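Residue numbers (the numbering used here): 4 to 375.
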């Protein structure tokens, strides 16, 4: 819907490019970034250079899905728009990468912040340079011009609802462990609040952990500690905030000889998690159809890079500590259990049945209806 929100004036062609404070960082930090889709340097006008900063590459969800989808959409909307990409899970390195992109002369930024608070000064520097920032996946701090993500409260609600369903009779009065995300990621609190809106008053939360850096090794240690504190036979379910944490939780449960495994939730529909669901180790994941998010983020970025409004793209608004009524697109997530895989992940082309079903899972896949 139209929002009527007044956006900061964006004139990429006229911004100040000589930011000496970040010039030193530029030489050091853009190693590992790559340019696609056109010549190097800022395009401006009808062919703005799009800078993309992600919190992971390679085998991560961001490397496998978000990055190629964003690059493809930029080529579709603006074939002559160069794209500069950098990815790191290190918040300090990401801050340097953003500052390097300012110096390099990008016209607009899509940023999935590792640590939104730490990145805030760099977002402010981009704003001073006349470079609009589209926050992607995580709500960045500072003067951003747009935001695209999946509804985090709904993610938590889906996880909590699925966990209660899987717990059966123990959904009333049973005991669970909550393995939440990093406190530096505002999405983690959003997921947790959504889950608690469903779980509170129904189950006892025996232990609740904030996982530093979303690191699986920390979740593994915390889950072992939870088993030691609560007892192997007194954990009726685990609310794991994403699939990486779910995998660590399940490994810890196996290591501490918890049998049978309690239901464990997840998020992101990682291939390893989908296989765990088929095998019966993980109960569910939350699928976020990434194409809808990447398409919206690129549409916002290209419009802003051209100095155009994004009111017609946004479906609502959000606030951060710096800006009110930020044009936003909040997308609906999808719960996935074993019986849903074929009609969601396979149907959407995220994975093939051959990818999901290696030889050791063929019989389990057949029970889940995953046959060629």
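Ideal placement from N, C-alpha and C gives every residue a C-beta, glycine not left out. This structure is a prediction, so every number in the text was calculated from the model and none was measured.
Beta strand (DSSP E) segment containing residue 182, residue limits: Residues 178-183.
Secondary structure at residue 62, three-state DSSP: helix, strand or coil? Coil.
Buried/exposed call for residue 190, threshold 16 Cβ in 10 Å: That one is buried.
By the 10 Å Cβ neighbour count, where 16 or more other Cβ atoms means buried, how is residue 186 classified, buried or exposed? Classification for residue 186: exposed.
Report the start-end ranges of each beta strand (DSSP E) in the region 154-233 that is 3 residues or longer and not cut off at the edges. Qualifying beta strand (DSSP E) stretches, in chain order: 178-183, 207-213.
How close, in whole Å, do the beta carbons of residue 162 and residue 270 come, if the pair is a contact with beta carbons under 8 Å? That belief holds up - the Cβ atoms of residue 162 and residue 270 are roughly 7 Å apart, short of 8 Å.
Reducing DSSP to helix, strand and coil, say where residue 358 ends up. In this structure, DSSP gives residue 358 a helical state, which the three-state scheme calls helix.
Return yes when the Cβ of residue 253 is within less than 8 Å of the Cβ of residue 209, no when it is not. Going by C-beta atoms, residue 209 is not nearer than 8 Å to residue 253.
Candidates 299, 203, 176, 155, of which the one nearest residue 184 by Cα: Nearest C-alpha to residue 184: 155.
Nearest CA to the CA of residue 289: which residue from 194, 375, 216? Ranking 194, 375, 216 by Cα distance to residue 289 puts 194 first.
Spatial distance of residue 176 from residue 206 (CA atoms): Taking the straight line from one Cα to the other gives about 5 Å.
Excluding sequence positions up to five away, which residues of its chain have a Cβ less than 6 Å from the Cβ of residue 135? The answer, listed in chain order, is 13, 111, 148, 307.
Going by alpha carbons, who is nearest to residue 348 out of 324, 333, 287, 309? Nearest in C-alpha terms to residue 348, of all of 324, 333, 287, 309, is 287.
Three-way DSSP call (helix, strand, coil) for residue 56 in this model: Three-state result, residue 56: strand.
Quick check on residue 25: does DSSP put it in helix, strand or coil? Summary for residue 25: the model assigns pLDDT 37, below 50, so the residue's position carries little reliability, and this model does not support an answer.
In the structure shown, what three-state DSSP assignment does residue 91 receive? Correct three-state label for residue 91: coil.
Is the CB-CB distance between residue 173 and residue 239 below 8 Å? Yes, the Cβ-Cβ distance between residue 173 and residue 239 is below 8 Å.
Continuous beta strand (DSSP E) stretch holding residue 348: start and end: Looking at the DSSP string, residue 348 is not in any beta strand (DSSP E), and its letter there is neither H nor E.
Taking residue 1 as the reference, give the member of 86, 74, 66, 224 with the closest Cα. Only positions 4 to 375 of the chain appear in this structure, which leaves residue 1 out of reach.
Beta-carbon separation (whole angstroms), residue 339 vs residue 272, contact threshold 8 Å: Contact holds; Cβ gap of about 6 Å.
So the candidates are 76, 62, 67, 211; which of them puts its Cα closest to the Cα of residue 303? Check the Cα spacing between residue 303 and each of 76, 62, 67, 211: the tightest is with 76.
Closest by CA to residue 153, which one among 79, 331, 128, 56? For residue 153, the nearest C-alpha among the options comes from 331.
Can you list, in chain order, the residues of its chain with a C-beta nearer than 6 Å to that of residue 295? Leave out the 5 residues immediately preceding and following it. Taking residue 295 as the centre and dropping the five residues before and after it, the same chain places the C-beta of 334 closer than 6 Å to its C-beta, in chain order.
Between 213, 261, 218, which has its C-alpha nearest residue 235's C-alpha? Closest in alpha carbon position to residue 235, among 213, 261, 218, is 261.
Name the DSSP bridge partner or partners of residue 331? For residue 331, DSSP records a beta bridge to 150, 319.
Can you give me the Cβ contacts of residue 35 inside the same chain, cut-off strictly under 7 Å, excluding the 5 residues immediately before and after it? Bear in mind that a pLDDT of 46 at residue 35, under 50, signals an unreliable position, so the model cannot answer this.
Are any of the Cβ atoms in chain C nearer than 8 Å to that of residue 285? Checking the listed chains, one finds no chain C in this structure; it contains a single protein chain.
Identify every residue that forms a DSSP beta bridge with residue 338. Paired residues: 289.
Give the straight-line distance between the Cα atoms of residue 197 and residue 160, rounded to the nearest whole angstrom. Note on geometry: alpha-carbon atoms of residue 197 and residue 160 lie some 5 Å from one another.
For residue 369, report the span of its alpha helix (DSSP H) as first-last. Its alpha helix (DSSP H) spans residues 365-370.
Complete alpha helix (DSSP H) runs within the region 235-286 (minimum length 4 residues, chain order): Qualifying alpha helix (DSSP H) stretches, in chain order: 246-258, 274-282.
Within its chain, find whatever has a CB closer than 6 Å to the CB of residue 256; leave out the 5 residues flanking it on each side and keep chain order. Within the same chain, residue 256 has close Cβ partners 264.
Selection from 96, 316, 362 that minimises the alpha carbon distance to residue 117: Selected option, being the one with the closest Cα: 96.
I'd like the span of the alpha helix (DSSP H) that includes residue 126, first residue to last. Judged by DSSP secondary structure, residue 126 falls within the alpha helix (DSSP H) whose first and last residues are 119-131.
Which residues DSSP lists as bridging residue 138, in chain order: Bridge pairing for residue 138: 114, 150 [DSSP].
How would you write the range of the alpha helix (DSSP H) that residue 77 sits in, first residue to last? 70-80 is the span of the alpha helix (DSSP H), which, as asked, contains residue 77.
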